[in-house]
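Take -12 as the starting number for the sequence shown in the working numbering and just add one per residue. Cβ atoms here follow ideal geometry from the backbone N, Cα and C, with glycine treated the same way.
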Amino acid sequence: MRKLTKRSVAIVAGSVLAVAGGTAAFAYASGWFKGDSTVYANASAIQTLHATVDTRSLGNLYPGRLFNLPNVNVNNTNDYPVKINTIAVESVTTSAGTNCDADDADIIFGAIPPNTVLTPGLHSISLGTIKMDDTASENCAGQFMNISATLGGEIAPATS
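Listed below in structure tokens is the structure:
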């Protein structure tokens, strides 16, 4: 029988480790792997944008009258930029009560200027035009109108 030397033992041991290591690498690469992970995050809340426009200094609305809305201050309190796409009449209230509502007043907002994007913070922006359509009811004549509108939009791509 052959005598094992330290060198022979080292070569055999090295070969065994190489085979074992190769087997472990093969097992990992072949999907013989199990693991898990946990991620914690907070989603940003959706904040409402508020804008108040007073057009009384521009004159009175009447059927067919259109004018540009003055710039308005809007504070985007969201954590992200938003793009305003639309503005639409939600309701109209007057001292005439139900005799002059949104259907009777027939108020129409024009298109929002393109690329109206608000990063977080305070901005002075234009919301386009306002018009009293030709079909407005005579019940609205001489009335002070409080026109509530809804802004429609989306999250805007972040700029770097």
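Let me check one thing: in DSSP terms, what residues is residue i bridge-paired to?
i	result
V104	K70
F54	I117
N63	G108
A75	T137
Could you check what DSSP says for residue i in three-state terms: helix, strand or coil?
i	result
T25	coil
G84	helix
S135	strand
A143	coil
L109	strand
Nearest-angstrom Cα distance between residue i and residue j?
i	j	result
H110	N60	6 angstroms
V62	G84	With the sequence shown as reference, residue 62 is identified as Asn, and Val is not the correct amino acid for it. Whole-angstrom Cα-Cα distance: 31 angstroms.
T81	S44	18 angstroms
E141	I33	11 angstroms
P100	G129	30 angstroms
T35	G108	13 angstroms
N86	V104	38 angstroms
I95	K118	5 angstroms
R(-6)	S24	In this prediction, R(-6) has a pLDDT of 49, which is less than 50 and means its spatial position is unreliable; what the coordinates show is noted afterwards. Roughly 45 angstroms between the two C-alpha positions.
N72	G139	6 angstroms
A145	T106	8 angstroms
A148	L56	As shown, the chain starts at -12 and ends at 147. That puts residue 148 outside it, with no answer to give.
K70	L114	12 angstroms
M132	E77	13 angstroms
A38	I112	10 angstroms
D41	D66	28 angstroms
S135	N102	23 angstroms
G97	N58	14 angstroms
Which whole-angstrom value is the C-beta distance of residue i and residue j, which I expect to be below 8 angstroms?
i	j	result
A123	P68	That pair is no contact at about 37 angstroms.
F54	T137	That belief does not hold up - the Cβ atoms of F54 and T137 are roughly 21 angstroms apart, past 8 angstroms.
C127	D91	6 angstroms
D121	G51	5 angstroms
Let me know if residue i comes out buried or exposed under the rule of 16 or more other beta-carbons within 10 Å of its beta-carbon.
i	result
A30	exposed
V79	buried
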